[in-house]
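Asker: Quick one: structure below, then a few questions.
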Amino acid sequence: MRTSIIFTAILYFLSTSSVFAEDKTDYISYKCHIETPNGPNIAVFVWEKKLVIQEQSSLLAEYVPTISNERLLVKRVVECIAEDKKFKDAYMRELDEQRTY
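My numbering runs 71 ahead of the 1-based position in the sequence shown.
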């Protein structure tokens, strides 16, 4: 009897741990070229991979922290890319290279 309880407990643990492993959420760091009232800037975010489009869309007209250590109003989102990618705009690439993480 005791052996069957232990065996059942082990099977239960193994089945539930595989369920939790499949539920792993992927978060990725993104940087966005944004237009603000003060000019172009970069904002950095960590978003769930499957929600990137919604998160990017929700930036418009929000105050976000930027790499210039200001919270600025987003007038336009030009480009959002993964942290390890390079911006299309040459000025943004230069600004990104100058930032201190």
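All residues carry an ideal CB built from backbone N, CA and C; glycine is no exception.
Buried or exposed for L143, going by 16 or more other Cβ atoms inside 10 Å?
Answerer: When all chains shown are included, L143 counts as buried.
Asker: Using only the alpha-carbon positions, how far apart do A114 and I105 sit?
Answerer: Computed Cα separation, rounded: 7 Å.
Asker: On the DSSP letters alone, give me the boundaries of the beta strand (DSSP E) that R164 sits inside.
Answerer: Run containing R164: none in the beta strand (DSSP E); it sits in the alpha helix (DSSP H), 161–169.
Asker: Going along the chain, which residues of its own chain have a beta-carbon closer than 8 Å to the beta-carbon of R164, five neighbours each way excluded?
Answerer: Excluding positions up to five away in sequence, the list reads K157, F158.
Asker: Which stretch, first to last residue, makes up the beta strand (DSSP E) that contains I113?
Answerer: Here the beta strand (DSSP E) through I113 covers 110–119.
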